[in-house]
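Q:
In structure tokens:
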């Protein structure tokens, strides 16, 4: 039975069983030849960590008559990753003196064969890649050879009702969808990496294909718990700080984001020794030495491979001469290869390895056709969406957050580029109370200072009292109207000589992509009336002394009279108009004006401006534009921007009520 999300009594029962109950060993009627070499453990299990969501344990292995260290453990419900750790003698994973293996059986069942476990480095020690065990089981590990001391390590996570909801919400047919870390419930407090510091400027050379090994019997509802256990084992037990793989695929064909930082980025991974900076790692959950690869899984692996290679400019059918200095070899590598092509391991299993030629062919065809991967950063309402966008944008937190009205959006329009320039978050509030989603985001981001955007008509004093009562430093940036507020934001600390994007300040429809464009251009946003330039805006322009002014929208949004005033206020400064037939076309043209290329875009509904405004922070984090879409599809003008900029990843800003999954990839 699945473990409840907050079932402390059951967790306690599981741990009590682990700590106090002797572990069953093979019976006399179920004794394979190696059984006499496995002795019952005399030590008790050491509980390293227990939360409502996971349990982490350690068991010291004991010597046996067969020159081996062994240990046995009874697992209750949940999803467990099992591994072995031992002291290295200086040779690391090349040490052949110790050989780890594992076997399992269900309660009352027969023992599986002993399966070898691949060794990985964890600093001063050597450990194994984790073996996945689902549900109640008995586990035995054996370390044959010369090792002075060793331990059995486990990380158990429990499926939750939210996991089942995610399983239903993420489609496995149609366009490629990649579940986010939020979707599988990653606890970012366990992460010990700074994703920004792991991003390299150079592209990946290709893809290494893996399998996780272990159980193939997990259900779709259990997949998020599987990912959490792999994450915990990699990040905490092995000390890698995060999950080692860049992307994972389950047996149902669903793709999942692995290591934090962005699926389109060259993030240093931890999946193949000596290859982690230069090669992407895609792992299939399960043991594909034991079973065939499902068709849906094969298709998704090919799609992820194609997407990755397209981003990094690699040929699926190509080869690369590569020097692995850690392992001491230089060889000609296929751009798409298996883990066993790198080092001595059975990974990714013979059934998956035999499909590598087919994966290369499929990926090459998909590259030629063009492929977009889609993720969703959503929420129940605009406040939750903004909170989710901020947390995705600032994975390591931020000290300052701008808090704008979610009910009166014009004041928020100028925040995006200002916040992006300072690496500050943007969140939304109601007039008299800060929504819980916003409060949770402030806490998770470790914000110390909150900057209110707009006067008391936009954000009331009750919000100030609420925030100061919670210990936040609070200040306000405002003016008598939206034009003044935008001018105040634009001129605070902004250097002269950049680009100013000028948007109509009433309907806002043509302005929604401008903030991300301004962030890319190290520029800023100002507002104007349709038929005349406000005095405060003119004064801000003189202060900023830009080299270029971009007027957003056609003459129906910002009249020619405004452009004439600009030429008077800023004589000799280039004034250009960027506008399309509608809001969608304008967002596409603005993106093309500001970006030479982009790997990803934040996609917002053309009828949900709050999501677009808050989406600027995530777009800026990934150096991409904000583009507008209809609910089910992107207009041709937006699709053309995808092609022109080379966008391969769509991040939908908003829930399924405003954007279907197809909005990120299907053209109207």
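In mature numbering (1 follows the signal peptide of the UniProt record, and there is no 0), the protein residues as written are -26 to -1, 1 to 642.
From the three backbone atoms N, C-alpha and C, an ideal C-beta is built for every residue, glycine too.
Looking at the strands, I want to know which residues DSSP matches up with residue 524.
A: 475, 550
Q: What number of angstroms, rounded off, separates the C-alpha of residue 505 from the C-alpha of residue 499?
A: 18 Å
Q: Just tell me which of 225, 486, 531 has its CA closest to the CA of residue 507.
A: 531
Q: Please name the residue, chosen from 397, 374, 401, that lies closest to residue 387 on a Cα-to-Cα basis.
A: Answer by Cα proximity: 401.
Q: Could you tell me how far apart the beta carbons of residue 310 and residue 278 are, in whole angstroms, since I believe they sit closer than 8 Å?
A: About 11 Å separates the two Cβ atoms, so there is no contact after all.
Q: Skipping 5 residues on each side, what residues in its chain have a beta carbon closer than 8 Å to that of residue 614?
A: 562
Q: Count the other CB atoms, across all protein chains shown, that sit within 10 Å of the CB of residue 305; report buried if there are 16 or more and exposed otherwise.
A: Per the 10 Å Cβ criterion, exposed.
Q: So what's residue 427 in DSSP terms, helix, strand or just coil?
A: strand
Q: Relative to the alpha-carbon of residue 87, which residue among 403, 79, 94 has its alpha-carbon at the smallest distance?
A: For residue 87, the nearest C-alpha among the options comes from 79.
Q: Could you compute how far the alpha carbon of residue 54 sits from the alpha carbon of residue 281?
A: 31 Å
Q: Taking the alpha-carbon positions, what's the residue 240 to residue 173 distance?
A: 5 Å
Q: Would you mind stating whether residue 28 and residue 202 have Cβ atoms separated by less than 8 Å?
A: yes
Q: Closest to residue 510 by C-alpha separation, out of 456, 491, 558, 480, would be which residue?
A: 456
Q: Can you look up residue 219 in the DSSP assignment and give me helix, strand or coil?
A: coil
Q: So what's residue 308 in DSSP terms, helix, strand or just coil?
A: strand
Q: Would you mind reading off the limits of the beta strand (DSSP E) that contains residue 56?
A: 53 to 61
Q: Which partner residues of residue 185 appear in the DSSP bridge assignment?
A: 258
Q: Excluding five sequence neighbours on each side, which residues of the same chain lie with their C-beta closer than 6 Å to the C-beta of residue 153?
A: Here the set comprises 144, 230.
Q: Going by DSSP, name the residue or residues bridged to residue 298.
A: 303
Q: Is residue 573 closer than 8 Å to residue 238 when the C-beta atoms are compared?
A: yes
Q: Alpha carbon to alpha carbon, how far is residue 184 from residue 556?
A: 46 Å
Q: DSSP beta-bridge partners for residue 517?
A: None, per the DSSP bridge assignment.
Q: Would you call the CB atoms of residue 515 and residue 544 closer than 8 Å?
A: yes
Q: What's the call for residue 494, buried or exposed, on a 16-neighbour Cβ count within 10 Å?
A: buried
Q: Give me the residue from 592, 584, 262 with the minimum Cα distance to residue 395.
A: 592
Q: Expressed to the nearest angstrom, what Euclidean distance is found between the alpha-carbon atoms of residue 601 and residue 559?
A: 9 Å
Q: Should residue 424 and residue 448 be called a contact, given that it needs their Cβ atoms to be closer than 8 Å?
A: yes
Q: Quick check on residue 83 - is its C-beta less than 8 Å from some C-beta in chain B?
A: In summary, chain B is missing from the structure at hand, where a single protein chain is found.
Q: Just how far apart, CA to CA, sit residue 192 and residue 243?
A: 25 Å
Q: Is the closest heavy atom of the ligand FAD to the C-beta of residue 453 under 7 Å?
A: As presented, the structure is devoid of all ligands, the ligand FAD included, so that no description of it is given.
Q: For residue 592, does the three-state DSSP call read helix, strand or coil?
A: helix
Q: Which residue wins for smallest C-alpha separation from residue 642, given the options 621, 186, 610?
A: 610
Q: Return the chain-ordered ranges of every alpha helix (DSSP H) run that is complete within the stretch 332 to 369 and spans a minimum of 4 residues.
A: Counting only runs of 4 or more, we get 356 to 367.
Q: Using only CA atoms, which one of 59, 107, 111 lies nearest to residue 93?
A: 59
Q: Are residue 377 and residue 403 touching if we call contact CB-CB under 8 Å?
A: The answer is yes: Cβ separation under 8 Å.
Q: Measuring alpha carbon to alpha carbon, tell me which of 43, 263, 444 ends up nearest residue 189.
A: 263
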